[in-house]
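Worksheet for the structure shown next.
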Amino acid sequence: MIDFHLDLRSGVSPYQQLVQQVQRALRLGLLSVGDQLPTVKEVVSKLAINPNTVLKAYRELEHLGLVTPRPGVGTFVTQSLAGESLAAHEPLRAELRAWLAKARQAGLDPDSIEALFMTTFREATEVTR
Amino acid sequence: MTPVLRSDGLTKRYGRRPALSDATLSIPAGRIVGLVGPNGAGKSTLLSLIAGIIAPTSGTIEVLGSQPAASAAQLAKVGFVAQDTPVYSALSVGDHLRLGARLNPKWDDLLARQRIEQVGLDLAQKAGRLSGGQRAQLALTLAAAKRPQLLIFDEPVASLDPLARRAFLQSLMEFVAELEVSVILSSHLLGDLERVCDYLVVLVGSRVQLAGDVEDLLEEHRRVIAARGELDSLPPGIEVIQADHTARQSTLVVKDTTGLLAQVVPAADVERLDLEDMVLAYLTRAASITAAAPARRHTEQPLEAQR
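And the structure:
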């Protein structure tokens, strides 16, 4: 079961954060077809947020064709985002780990590593777009 | 659907001192409304008017379609928890539940007892010996078990530690999810409001400064950062709420209901605001107007022009 969290400093609205967290979990294969999302009451009592926020996020996910509500039962995943690339995740993660170890050995602190990664990531994705 | 609150020119004066001036609001049902403003802004006055504890000096107010406290049926529709969540200190938790059952026609005893058990309160415990967090949970349970259509809280979490505050808000949100009740609560804690509220009313100096759906409001407000002078003439429809200038740079908080902002300012200069920054802009503006007010008769500009 997916566990939601909320970052109020992120500038992303709470409902969008919930949507993004489900999408991320689907991409990473943490959620797959047939899995149930937490009930509105469960999310609300964990995060202390407005039930309307959760309902709105679930409606958006439904609109995106990713989940389907079954009245009286709950909300279920109907489409995965992981696709065929999922098999490639593990070897890539191992390479990334090795790279992170190298960066730490070279004396970079976590902030510098993140900054380096993000700037490179942005440059690279801008070119391929 | 009948609005939870509809008021027109709602005013309450104590002697000559205005506690609430000319409040015109229309708040839809099913919302969690955050009422914010500094001390003495009129928050408690507005909440007391909604609950029907006090009567307006002028103007009209309708709560769930009727005049506040006009009948027993109307009283049953509204649950009000006053500041510091008062309870009867000599009575036990169980006594409070029995009292609630005797006094409220639609009392939901199962709901009350389940909740008391869930938050770990001892029925035999005297309410005077409860911690602040426990007292708040008891007051919330009593108000919710009344099964009202509207729950009103005046600063429910102000005196609670962060853990008790979170627990209270969790309980409140569970009740909202379960009971489909509308909520109006006042608070200083903007972070909490950002989590729970989907409708906002900002009150400063007895006047409503801002009211609306939180997402709409956040969509309308932007921070614009540009070279000094570049933003001196913005098209009508874009209202400057707050402006800070350094020698070279201007930082503005603007309200744009026209969508014109994107046409006159490059996107790179525009940032979204979070609820806290948006509210602070209004509080700052109102504070500077109040500070400037005594000098008003010496200046030629009318006060409105400063806004």
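Quick note, the sequences are listed as chains A and F, same order.
For the first sequence, the numbering used here gives the first residue as 1, with consecutive numbering after it.
For the second sequence, the numbering used here gives the first residue as 1001, with consecutive numbering after it.
By construction, the Cβ of each residue, glycine as well, lies at the ideal position given by its N, Cα and C atoms.
Less than 8 Å between C-beta atoms, sequence neighbours within five positions excluded: which residues of the same chain meet that for residue i?
{"i": "F/H1298", "result": "Only weak support is given to the placement of F/H1298: the predicted model assigns it a pLDDT of 41, under 50, and the value that follows is read from those uncertain coordinates. Closer than 8 Å at the Cβ level, and outside the excluded window around F/H1298, lies no residue."}
{"i": "F/Q1301", "result": "Note that F/Q1301 scores 41 on pLDDT, short of 50, meaning its location in the model is unreliable and no value can be drawn from it."}
{"i": "F/A1019", "result": "K1012, R1013, G1042, T1045 and S1206"}
{"i": "A/V12", "result": "Q20"}
{"i": "A/V43", "result": "F4, L18, I49 and V54"}
Residues of chain A with a CB under 8 Å from the CB of residue i: which are they?
{"i": "F/M1278", "result": "The contacting residues do not exist; F/M1278 stays about 12 Å from chain A at best."}
{"i": "F/V1196", "result": "A48, I49 and N50"}
{"i": "F/E1215", "result": "S13"}
Is the separation between the beta-carbon of residue i and that of residue j shorter than 8 Å?
{"i": "F/A1136", "j": "F/L1169", "result": "no"}
{"i": "F/V1270", "j": "F/V1224", "result": "yes"}
{"i": "F/L1075", "j": "F/L1203", "result": "no"}
{"i": "F/G1205", "j": "F/A1041", "result": "yes"}
{"i": "A/L31", "j": "A/F4", "result": "no"}
{"i": "A/A101", "j": "A/I113", "result": "no"}
{"i": "A/P71", "j": "F/A1177", "result": "no"}
{"i": "F/L1200", "j": "F/L1217", "result": "yes"}
{"i": "F/G1237", "j": "F/D1256", "result": "yes"}
{"i": "F/A1127", "j": "F/S1089", "result": "yes"}
{"i": "F/F1153", "j": "F/V1081", "result": "yes"}
{"i": "F/L1190", "j": "F/P1156", "result": "no"}
{"i": "F/D1198", "j": "F/I1027", "result": "no"}
Go through its chain and collect everything with a Cβ distance to residue i's Cβ below 7 Å, but skip five positions before and after it.
{"i": "A/P14", "result": "L6, I49 and T53"}
{"i": "A/Q16", "result": "none"}
{"i": "F/L1064", "result": "T1002, V1004, K1077, Q1149 and L1150"}
{"i": "F/G1320", "result": "Only positions 1001 to 1307 of chain F appear in this structure, which leaves residue 1320 of chain F out of reach."}
{"i": "F/L1193", "result": "G1034, V1036, S1187 and L1275"}
{"i": "F/D1008", "result": "T1024, G1059 and T1060"}
{"i": "F/D1084", "result": "S1159"}
{"i": "F/T1141", "result": "A1112, R1115 and I1116"}
Give me the chain F residues within the contact set of residue i, using Cβ-Cβ distance strictly less than 9 Å, ordered along the chain.
{"i": "A/V44", "result": "Q1170, M1173, E1174, V1176 and A1177"}
Taking 6 Å as the limit between beta carbons, can you name the residues of its chain near residue i, skipping five residues before and five after?
{"i": "F/Q1242", "result": "V1253, A1281, T1284 and R1285"}
{"i": "A/T75", "result": "L37, Y58, V67 and P69"}
{"i": "F/D1108", "result": "A1145 and R1147"}
{"i": "F/Q1306", "result": "Legend: pLDDT at F/Q1306 = 40, less than 50; position of this residue unreliable, no value from coordinates given."}
{"i": "F/G1094", "result": "L1123"}
{"i": "F/S1066", "result": "Q1074"}
{"i": "F/I1054", "result": "S1048"}
In chain A, which residues lie with their C-beta within 7 Å of the C-beta of residue i?
{"i": "F/G1133", "result": "By Cβ distance, chain A contributes nothing, its closest Cβ being about 14 Å from F/G1133, past 7 Å."}
Determine the chain F residues that contact residue i at a beta-carbon separation under 7 Å, and present them in chain order.
{"i": "A/V40", "result": "A1177"}
Kindly list, in the order they appear in chain F, the residues whose Cβ is closer than 8 Å to that of residue i.
{"i": "A/L8", "result": "G1191, E1194, R1195 and D1274"}
Legend entry - Those runs of the beta strand (DSSP E) which lie wholly inside the region 66 to 101 of chain A and span at least 3 residues: 67 to 70 and 74 to 77
Legend entry - Interface residues of the region 1256 to 1274 of chain F facing chain A [CB-CB below 9 Å]: E1271, R1272, L1273 and D1274
Inset, instruction - May I have a chain-ordered list of the beta strand (DSSP E) segments no shorter than 3 residues that lie completely inside the region 1036 to 1071 of chain F? - result: 1058 to 1063
Inset, instruction - Taking a Cβ distance cut-off of 9 Å, strictly less, list which residues of the region 1011 to 1044 of chain F are near chain A, in chain order. - result: G1030, R1031 and I1032
Inset, instruction - Below 8 Å between beta carbons is the criterion; list the residues of the region 1210 to 1234 of chain F that meet it against any residue of chain A, in chain order. - result: E1215 and L1218
Legend entry - Contacting positions in the region 1156 to 1169 of chain F - beta carbon closer than 8 Å to chain A: R1166 and L1169
Legend entry - Every unbroken beta strand (DSSP E) within the region 1220 to 1252 of chain F, with a cutoff of 3 residues, ordered by chain: 1221 to 1227 and 1238 to 1245
Legend entry - alpha helix (DSSP H) segments (min. 4 residues) lying fully within the region 1148 to 1197 of chain F: 1162 to 1179 and 1190 to 1196
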